[in-house]
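Here the structure comes first, spelled out in structure tokens, and everything after it is commentary.
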Amino acid sequence: PAHPHARLPLSSSSAKQMMKAWTSAAYGADGNPADAINKLVFDEVAKPEPAAGQIQIKVSHAAVNPIDWKLFSGGLHGVAPCVHPYVPGFDIAGTVSAVGAGVTAFAVGDSVCVDIGLVETCTDPAPAAGACGAFAEYAVVPVDLVAKTEGIPEASAAALPLAGLTALQALFTKGGKSFAGTDLGNLQSGQKLLILGGATLVGMYAIQMAKNVGAHVACTASSNKMPDGTSKIDYCKKLGADQVIDYKSAKWEEVLAGAEYDLIFDSIGDQGDWANASKVLKAGSDFISVANFGPDATANTSSVFKNFLLKSNAPDLKELVAMVNAGKLKIPVDAVVSFKDVPEALTKSLTSQNAGKIVIKIA
8 PAHPHARLPL SSSSAKQMMK AWTSAAYGAD GNPADAINKL VFDEVAKPEP
58 AAGQIQIKVS HAAVNPIDWK LFSGGLHGVA PCVHPYVPGF DIAGTVSAVG
108 AGVTAFAVGD SVCVDIGLVE TCTDPAPAAG ACGAFAEYAV VPVDLVAKTE
158 GIPEASAAAL PLAGLTALQA LFTKGGKSFA GTDLGNLQSG QKLLILGGAT
208 LVGMYAIQMA KNVGAHVACT ASSNKMPDGT SKIDYCKKLG ADQVIDYKSA
258 KWEEVLAGAE YDLIFDSIGD QGDWANASKV LKAGSDFISV ANFGPDATAN
308 TSSVFKNFLL KSNAPDLKEL VAMVNAGKLK IPVDAVVSFK DVPEALTKSL
358 TSQNAGKIVI KIA
């Protein structure tokens with residue numbers, strides 16, 4: 008008889024084409040994302056094939072988002088369960104390599120970018136191609152999430168979808184909705200916006216979008232350095248922020264006390280921020296968070312708390328691509344690293360050592 012631990016040949020392996028990918032086999036021990044990062048495996052897995060209404064993308068570049076390692080903790084299992092094993096990552100850019108039945112909007116060879124989708128793929132049971140899927144040579148996605156890159160270089164295009172959609176939907180709703188099913192922001196010219204976490208990539212996109220519609224923008228940031236040597240504070244100012252508060256030396260709720268802001272957008276998730284929001288917001292105004300999933304409702308009774316996870320969708324992504332090509336949205340890239348360095352890239356994000364997007368060159 009065969010040895011009990013001998014690997015039996017997979018009967019279908021000859022029929023299936025294989026690809027290289029990073030895979031995660033389990034959540035981190037004791038909810039520790041670093042443990043899951045250390046246990047990522049670079050492996051050969053089956054190449055996903057496009058079903059009806061999907062396209063297969065040959066991935067040129069992928070990008071790291073904090074949600075990638077937040078999922079590793081298992082703490083989001085209630086809202087976004089990851090069925091293991093899976094290929095992490097959401098943001099990709101590349102070329103269409105195959106189209107599924109009924110697809111007419113895209114052809115093989117088109118340059119595209121997409122956020123594969125958290126709420127779309129982190130489900131139990133998982134979709135056929137599994138959860139997430141960016142850190143691989145190929146990915147499949149529904150066409151209604153994808154946009155053509157229209158000349159944006161792929162290394163930049165990979166850094167656009169997830170963070171760009173998050174900022175766009177927080178400030179202007181578009182295709183997004185709160186967990187309660189309500190509209191998100193409706194930022195107008197002349198209104199005042201405070202961004203908590205201006206130097207996060209989501210924050211950097213939000214600063215630019217808010218200035219583009221004529222809003223007054225304040226944000227928090229630190230004096231830590233960006234890749235070009237400028238401080239994060241100066242970088243936020245360069246992107247258009249009217250006022251940048253160094254959170255290491257000042258409290259925003261004191262600096263802006265009584266300033267009657269119209270909206271706070273929170274990308275940090277500190278519970279104290281929600282409690283303090285009423286000191287700065289007009290009564291009845293929104294505090295919109297992509298990072299606080301367990302607020303104390305009693306901590307603030309004069310502001311409206313909303314939280315959400317972005318909704319990946321093509322119309323919003325096309326709008327972002329158009330903003331970039333019109334020169335109205337800069338894409339800050341921290342570094343482009345090799346496919347083999349995915350664990351190091353995730354660790355850099357986990358430890359907040361990046362300033363701008365970490366992009367993975369896959370092909």
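Under our numbering, the first residue of the sequence shown carries the number 8, and numbering increases by one thereafter.
Cβ atoms here follow ideal geometry from the backbone N, Cα and C, with glycine treated the same way.
Please read these numbers as outputs of a predicted model, since none were measured by experiment.
Take residue i and list the residues in its own chain whose beta-carbon comes closer than 7 angstroms to its own, dropping the five residues that flank it on each side.
i, result
"valine 251", "Gly205, Cys226, Ala228, Ile240, Cys243, Lys244"
"lysine 218", "Val224, Gly247"
"methionine 330", "Leu336"
What separation, rounded to the nearest whole angstrom, lies between the Cα atoms of residue i and residue j?
i, j, result
"aspartate 341", "serine 163", "11 angstroms"
"leucine 78", "valine 297", "14 angstroms"
"leucine 327", "glycine 171", "7 angstroms"
"threonine 354", "isoleucine 44", "7 angstroms"
"threonine 111", "glutamate 56", "17 angstroms"
"asparagine 307", "asparagine 299", "14 angstroms"
"valine 52", "lysine 27", "6 angstroms"
"leucine 83", "aspartate 253", "30 angstroms"
"isoleucine 1", "leucine 324", "Outside the shown range of the chain (8 to 370) lies residue 1, about which nothing can therefore be said."
"proline 350", "valine 344", "11 angstroms"
"lysine 364", "alanine 108", "34 angstroms"
"glycine 279", "proline 40", "24 angstroms"
"methionine 233", "glycine 334", "21 angstroms"
"proline 16", "alanine 32", "Low confidence applies to proline 16: its pLDDT is 45, below 50, so where it sits in the model is not reliable, and the reading given next is rough at best. Using only the alpha carbons, I get a separation of about 20 angstroms."
"threonine 173", "leucine 316", "8 angstroms"
"glycine 81", "alanine 141", "19 angstroms"
"valine 115", "valine 148", "14 angstroms"
"glycine 124", "isoleucine 338", "20 angstroms"
"valine 153", "phenylalanine 113", "9 angstroms"
"glycine 192", "phenylalanine 272", "9 angstroms"
For residue i, which of helix, strand or coil comes out of DSSP?
i, result
"phenylalanine 79", "helix"
"aspartate 269", "strand"
"glycine 291", "strand"
"asparagine 299", "coil"
"glutamine 24", "coil"
"threonine 237", "coil"
"tyrosine 254", "coil"
"lysine 347", "helix"
"asparagine 314", "strand"
"glutamine 61", "strand"
"glycine 101", "strand"
"threonine 354", "helix"
"leucine 152", "helix"
"cysteine 243", "helix"
"lysine 218", "helix"
"isoleucine 365", "strand"
"lysine 232", "strand"
"aspartate 341", "strand"
"leucine 194", "coil"
"leucine 203", "strand"
"serine 118", "strand"
"aspartate 2", "Missing from the structure shown is residue 2; the chain here goes from 8 to 370 and no further."
"threonine 30", "strand"
"threonine 180", "coil"
"alanine 166", "coil"
"serine 67", "strand"
"serine 359", "coil"
How would you label residue i, buried or exposed, when you count the other beta carbons within 10 angstroms and need 16 or more for buried?
i, result
"asparagine 320", "buried"
"methionine 25", "exposed"
"lysine 347", "exposed"
"lysine 255", "exposed"
"glutamate 144", "buried"
"glutamate 127", "buried"
"proline 322", "exposed"
"lysine 54", "buried"
"glutamine 61", "buried"
"asparagine 361", "buried"
"alanine 304", "exposed"
"serine 176", "The sequence given here places glutamine at residue 176; serine does not occur at that position. So glutamine 176 ends up on the buried side."
"glutamine 195", "exposed"
"phenylalanine 186", "exposed"
"glycine 35", "buried"
"valine 86", "exposed"
Cutting at 6 angstroms between CB atoms, please list the residues of its own chain near residue i, excluding the five before and the five after it.
i, result
"threonine 30", "Val48, Asp50, Pro92, Val94"
"glutamine 405", "With the chain covering only 8 through 370, there is no way to say anything about residue 405."
"asparagine 231", "Lys239"
"lysine 318", "Gly182, Gly183"
"cysteine 3", "Outside the modelled stretch of the chain, which goes from 8 to 370, sits residue 3, for which no answer is possible."
"glutamate 267", "Lys289"
"lysine 46", "none"
"leucine 169", "Asn72, Phe97, Asp98, Asp122"
"alanine 13", "Confidence is the limiting factor: at alanine 13 the pLDDT is only 46, short of 50, which leaves the residue's position unreliable, though a coordinate-based value still follows. Excluding residues within five positions, none has a Cβ falling inside 6 angstroms."
"serine 118", "Thr102, Thr156"
Excluding sequence positions up to five away, which residues of its chain have a Cβ less than 8 angstroms from the Cβ of residue i?
i, result
"threonine 189", "Lys313"
If we count Cβ pairs, one from each stretch, closer than 8 angstroms, do we get three or more for the segment 153–162 versus the segment 130–143? no
For the segment 59–68 and the segment 100–107, state whether three or more C-beta atom pairs, one from each stretch, are separated by less than 8 angstroms. yes
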